[in-house]
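Numbering (the working numbering), first residue to last: 401 to 826.
The C-beta atom is built at its ideal place from N, Cα and C for all residues, glycine as well.
This report refers to the structure that appears directly beneath it.
See below:
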């Protein structure tokens with residue numbers, strides 16, 4: 401009964417158009433002060449201790465690094481390198497977009513940042529070459545979602561904070577699925593381009609490829625620094641985020657010189673605003689998690705599922721449906737912070753690996769970012785292409801179906817996710 405009251409109250413507040421973070425906070429406070437005898441001091445203490453977490457510091461640093469890279473010419477050089485490698489295949493420039501999104505995802509940690517950085521450069525070039533605008537928009541909207549699956553990933557950090565799962569293992573677990581999804585999206589792009597005979601580019605010489613690689617090497621080196629530093633034990637994921645922010649600043653301002661020092665305050669301000677928004681959501685989500693636990697809702701749900709004889713297969717199917725529906729009304733950060741504390745205890749009771757479950761949640765978030773009405777990537781791509789959301793929704797459909805098929809594969813073949821972390825961390 402209490403669970404029903406909590407979720408109905410949350411839903412009603414969200415339907416009024418109130419931001420998710422405020423809806424969460426008001427739901428918790430309204431329930432605690434009217435239905436329980438929890439003292440107000442414990443709420444204040446939980447608010448403070450909820451974000452007193454070392455891993456959370458990684459979020460503002462990764463956001464800052466992504467913003468420096470977006471403004472600092474790194475994306476353009478990655479596109480040139482990707483184009484030199486795959487531009488001569490069917491739909492070459494579109495394939496270069498997929499590859500560039502995968503490379504940029506590995507340094508930014510954010511899907512919207514990837515769509516903006518790659519899309520704003522490659523979409524006009526595709527239209528100029530004769531590609532339909534909808535085709536280019538579909539490629540970039542869905543490939544940009546790789547930003548939260550290929551490590552480092554801000555959403556993975558949030559899942560780690562919510563469930564006390566190792567960030568390092570989550571990052572490593574995202575590598576193979578991220579590369580596999582990039583391949584699947586590329587295959588869909590190539591198939592459609594070949595079917596419709598879209599333009600190809602002249603094949604680049606090995607000298608041109610090496611030149612493009614050399615120019616993009618400073619940006620690509622960030623992948624090696626962050627991932628290599630974490631897995632050699634030189635620094636933690638949080639320290640890696642700080643290192644990536646400083647490195648991104650140096651290459652954007654002093655190496656590539658595409659961003660003047662006058663632009664730095666604006667980048668810092670934008671990053672601070674986005675970080676504050678995410679931290680506010682986290683704080684309220686921590687309160688919501690505290691309420692769930694104090695009312696024994698996850699434990700009751702786990703007991704009910706076990707009692708009904710739900711197996712691992714049926715539970716994961718229900719979880720996917722639930723998360724895809726949540727993706728219709730919420731953005732990824734909110735979904736992870738609300739759903740993870742509820743679903744995680746049930747998953748572990750059924751014997752599902754915490755790292756595997758985290759990757760399933762992240763892939764669901766990726767799909768959610770590419771379909772209406774709240775798909776963040778759709779809105780970002782709409783701003784770049786000046787296309788309507790309905791038109792964009794139709795455009796992304798082939799790639800969206802590919803992502804749904806990939807979600808089923810990742811859900812029921814855990815070895816794809818767990819092979820690399822088991823290899824590295826055993």
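Could you spell out where the alpha helix (DSSP H) holding residue i opens and where it closes?
i	result
residue 599	Segment: none, residue 599 is in no alpha helix (DSSP H) and carries neither H nor E.
residue 764	754-768
residue 633	Per DSSP, residue 633 belongs to no alpha helix (DSSP H) and is neither H nor E.
residue 515	511-529
residue 418	Per DSSP, residue 418 belongs to no alpha helix (DSSP H) and is neither H nor E.
residue 803	797-812
residue 658	Where residue 658 is concerned, there is no enclosing alpha helix (DSSP H), given that its DSSP letter is neither H nor E.
residue 744	732-749
residue 718	712-726
residue 564	Element bounds for residue 564: n/a, residue is neither H nor E.
residue 704	697-707
residue 453	No alpha helix (DSSP H) holds residue 453; DSSP gives it neither H nor E.
residue 498	492-508
residue 485	474-486
residue 534	533-543
residue 780	776-785
residue 466	458-471
Tell me which same chain residues have a C-beta within less than 7 Å of the C-beta of residue i, skipping the five on either side of it?
i	result
residue 495	486, 489, 586, 589 and 590
residue 759	573, 574, 577, 810 and 817
residue 772	778, 789 and 793
residue 476	521
residue 661	653
residue 432	438, 443 and 691
residue 584	802 and 806
Quick check on the burial criterion: 16 or more other C-beta atoms within 10 angstroms. Buried or exposed for residue i?
i	result
residue 596	exposed
residue 569	buried
residue 522	buried
residue 618	buried
residue 532	exposed
residue 746	buried
residue 696	exposed
residue 440	exposed
residue 565	buried
residue 707	exposed
residue 755	buried
residue 766	buried
residue 683	buried
residue 604	buried
residue 593	buried
residue 445	exposed
What does a CB cutoff of less than 6 Å around residue i pick up in its chain, not counting 5 residues either side in sequence?
i	result
residue 612	480, 481 and 484
residue 526	493 and 536
residue 769	511, 545, 775, 776 and 777
residue 727	768
residue 616	477, 478 and 481
residue 642	461
residue 513	466 and 470
Which same chain residues, not among the five before or five after residue i, have their C-beta less than 8 Å away from its C-beta?
i	result
residue 645	461, 462, 464, 465 and 468
residue 665	none
residue 550	502, 505, 506, 574, 575, 578, 579 and 582
residue 608	484
residue 724	764, 767 and 768
Please state whether the Cβ-Cβ distance between residue i and residue j is less than 7 Å.
i	j	result
residue 558	residue 736	yes
residue 457	residue 638	yes
residue 515	residue 781	yes
residue 509	residue 442	no
residue 563	residue 703	no
residue 750	residue 715	yes
residue 453	residue 561	yes
residue 688	residue 428	yes
residue 730	residue 420	yes
residue 491	residue 656	no
residue 343	residue 676	This structure cannot speak to residue 343, because the chain is shown only from 401 to 826.
residue 827	residue 519	The structure shown does not extend to residue 827, since the chain is modelled only from 401 to 826, so the question has no answer here.
residue 667	residue 471	yes
residue 629	residue 640	yes
residue 542	residue 819	no
residue 807	residue 733	no
residue 411	residue 426	no
residue 795	residue 534	yes
residue 742	residue 698	yes
Cβ of residue i within 6 Å of any heavy atom in the ligand NAP?
i	result
residue 568	The ligand NAP is not among the ligands present in this structure, which contains no ligands whatsoever.
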